[in-house]
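Participant: Here you go, one structure.
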Amino acid sequence: MPDLVFFTTESGDVKDAHRESGGHVDPEKECCSVQHYTRTQKALKRIIYMIASVNKGLGYVQGMNEFVGLLLYAFCEESNEHFTRHIEASTFFCFQTLLTFLGDDFCRLLDDDHTTGVISTVRHFDNVVRFFDPELFYHLEKLGVCAEQYALRWIMLLFIQEFNIVDSLRVWDFLLSFGDQLRNTTMFVAAAMIHSLRDILLQQDSLSDVIPMLHHFPEGNVNPFLKIAMRWILKYGIDFTSKIKRCTVEEIIDLRCEHGLEKRGLKKAVSKWVSTFWGEE
Numbered sequence: 002m003p004d005l006v007f008f009t010t011e012s013g014d015v016k017d018a019h020r021e022s023g024g025h026v027d028p029e030k031e032c033c034s035v036q037h038y039t040r041t042q043k044a045l046k047r048i049i050y051m052i053a054s055v056n057k058g059l060g061y062v063q064g065m066n067e068f069v070g071l072l073l074y075a076f077c078e079e080s081n082e083h084f085t086r087h088i089e090a091s092t093f094f095c096f097q098t099l100l101t102f103l104g105d106d107f108c109r110l111l112d113d114d115h116t117t118g119v120i121s122t123v124r125h126f127d128n129v130v131r132f133f134d135p136e137l138f139y140h141l142e143k144l145g146v147c148a149e150q151y152a153l154r155w156i157m158l159l160f161i162q163e164f165n166i167v168d169s170l171r172v173w174d175f176l177l178s179f180g181d182q183l184r185n186t187t188m189f190v191a192a193a194m195i196h197s198l199r200d201i202l203l204q205q206d207s208l209s210d211v212i213p214m215l216h217h218f219p220e221g222n223v224n225p226f227l228k229i230a231m232r233w234i235l236k237y238g239i240d241f242t243s244k245i246k247r248c249t250v251e252e253i254i255d256l257r258c259e260h261g262l263e264k265r266g267l268k269k270a271v272s273k274w275v276s277t278f279w280g281e282e
């Protein structure tokens with residue numbers, strides 16, 4: 002989410018926001034000093050209201066404001082001018098377009114649907130990690146760490162809450178560069194993020210050590226895990242993650258064997274380990 006001062010600056014101009022704040026803002030002091038809605042705040046309210054009105058099946062869902070805030074900030078920065086109605090309209094239509102790819106996750110009626118919605122999204126992510134890094138996947142599973150506890154936020158909010166504004170826009174630039182393959186690209190990036198932490202995560206032996214780390218992704222350059230995601234995309238194809246969305250554990254193992262990531266002789270041993278882990282023997 003952009004700095005609070007961006008929304009409390011009357012002009013809605015990015016440069017004015019940084020100039021007035023001196024590069025720093027005290028959220029508590031700033032909130033108390035605002036006696037009226039600025040143009041940017043009013044625009045954010047109008048956009049969210051219109052989105053909820055147009056998409057009656059969704060209504061307003063927590064997190065939508067994060068998207069609108071980032072888009073408003075990006076358009077104001079790109080235009081290099083004060084906030085205008087043109088920017089407001091562009092933000093609305095961009096977010097409406099994003100919802101065509103993300104809408105199912107925001108629909109409460111689909112929360113318990115195993116073919117679409119958040120449960121399907123979590124299972125989809127699980128399969129992607131299970132394919133690219135099964136050792137890490139089963140280690141986290143053994144600790145009781147599940148995707149709902151960290152990855153669902155990454156995917157639903159397109160990583161907005163994980164990084165500062167500059168890095169968030171860098172990640173979005175990568176995601177949106179693949180056009181209508183946004184969901185597949187998001188899965189690649191999310192899996193690459195956790196894969197980039199594998200050495201640290203494999204050393205942890207409790208859920209309480211892992212979850213805080215995944216909720217507060219280490220600050221730094223986002224390019225390393227974006228490069229991992231790009232390498233996977235080039236090797237397996239952008240639509241690969243959608244192909245493994247509904248695969249069983251056995252099918253994932255078969256795919257790893259086909260791609261030379263796992264030896265055929267290990268398949269039976271791995272299958273037995275999985276069965277033992279779940280108490281199926």
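Per our numbering, the sequence shown starts with residue 2, numbered consecutively. Ideal placement from N, C-alpha and C gives every residue a C-beta, glycine not left out. From a predicted model like this one, the values you see are computed outputs, not experimental measurements.
1. From residue 261 to residue 232, what does the alpha carbon distance come to, in whole angstroms?
2. Report all residues from its chain with a CB closer than 6 Å to the CB of residue 252; omit the five preceding and five following residues, and keep chain order.
3. Sorted by chain position, which residues of the same chain lie with C-beta nearer than 6 Å to residue 149's C-beta, five sequence neighbours on each side aside?
4. To the nearest angstrom, report how far apart residue 197 and residue 71 are at their CA atoms.
5. Quick one: grab the DSSP three-state call for residue 150.
6. Quick check: the Cα distance between residue 119 and residue 105, rounded to an integer number of angstroms?
7. Does the structure place the region 94-101 close enough to the region 54-73 that three or more beta carbon pairs sit under 8 Å?
8. I think residue 170 touches residue 159, with their Cβ atoms under 8 Å apart; what is that distance to the nearest whole Å?
9. For residue 174 and residue 210, what's the separation of their Cα atoms in angstroms?
10. Quick test of your reading: residue 161 and residue 67, contact by CB under 8 Å. State the CB separation rounded to the nearest angstrom.
11. Tell me whether the beta-carbon of residue 137 lies closer than 8 Å to the beta-carbon of residue 130.
12. With 16 other CB atoms within 10 Å as the buried threshold, where does residue 134 fall?
13. For residue 69 versus residue 85, is the C-beta spacing smaller than 8 Å?
14. Alpha carbons only, please: which of 126, 257, 218 and 243 is nearest the one belonging to residue 182?
15. If I follow the unbroken alpha helix (DSSP H) through residue 42, where does it start and stop?
16. What is the DSSP secondary structure of residue 163, reduced to helix, strand or coil?
17. Helix, strand or coil for residue 67, going by three-state DSSP, please let me know.
18. Who are the near neighbours of residue 237 in its chain, counting only those whose CB is closer than 6 Å to its CB and skipping five residues on each side?
19. Let me know if residue 247 comes out buried or exposed under the rule of 16 or more other beta-carbons within 10 Å of its beta-carbon.
20. So is residue 94 buried or exposed if we call it buried at 16+ other beta carbons inside 10 Å?
21. Out of curiosity, what's the CA-to-CA distance linking residue 172 and residue 193?
22. Could you round the C-beta distance between residue 96 and residue 48 to whole angstroms and report it? I think they count as a contact, below 8 Å.
23. Note down, in chain order, each residue of its chain lying with its Cβ closer than 7 Å to the Cβ of residue 24, except the 5 sequence neighbours on either side.
24. Where residue 178 and residue 207 are concerned, what is the direct C-alpha to C-alpha distance, given to the nearest angstrom?
25. If you reduce the DSSP assignment to three classes, tell me which class residue 352 lands in.
26. Check for me: the alpha helix (DSSP H) holding residue 258 runs from which residue to which?
27. For the candidate residues 145, 75, 73 and 191, whose alpha-carbon lies nearest to that of residue 125?
Facilitator: The short version:
1. C-alpha separation (whole angstroms): 16 Å.
2. Same-chain partners within the cutoff: there are none.
3. So the qualifying residues of the chain are 123.
4. When rounded, the distance between both Cα atoms is 25 Å.
5. Here residue 150 sits in helix by DSSP.
6. Looking at the two C-alpha atoms, the distance is approximately 8 Å.
7. Result yes; three or more Cβ-Cβ pairs closer than 8 Å.
8. Contact doesn't hold; Cβ gap of about 11 Å is too wide.
9. Taking the straight line from one Cα to the other gives about 31 Å.
10. The C-beta distance from residue 161 to residue 67 rounds to 5 Å, short enough to meet the 8 Å contact threshold.
11. Contact flag set, yes.
12. Looking at its Cβ environment, which holds 16 or more other Cβ atoms inside 10 Å, residue 134 is buried.
13. The answer is no: Cβ separation not under 8 Å.
14. The residue among 126, 257, 218 and 243 with its C-alpha nearest the C-alpha of residue 182 is 243.
15. Residue 42 -> alpha helix (DSSP H) spans 40-55.
16. Three-state DSSP puts residue 163 in a helix.
17. Helix.
18. Counting only Cβ-Cβ distances below 6 Å, and skipping sequence neighbours, we find nothing.
19. Flag for residue 247 reads exposed.
20. With fewer than 16 other Cβ atoms within 10 Å, it is exposed.
21. Spanning the two alpha carbons is a distance of roughly 12 Å.
22. The pair is a contact, with the Cβ atoms about 7 Å apart (cut-off 8 Å).
23. Because residue 24 sits at a pLDDT of 43, beneath the cut-off of 50, its placement in the model cannot be relied upon, and the following sentence gives the value as read from the coordinates. Nothing listed; no residue qualifies.
24. Going by the C-alpha atoms only, they are around 37 Å apart.
25. Residue coverage of the chain in this structure runs from 2 to 282, which leaves residue 352 outside it and unanswerable.
26. It spans 250-259 - the alpha helix (DSSP H) in which residue 258 sits, taken as one unbroken run.
27. Considering only alpha carbons, the answer is 191.
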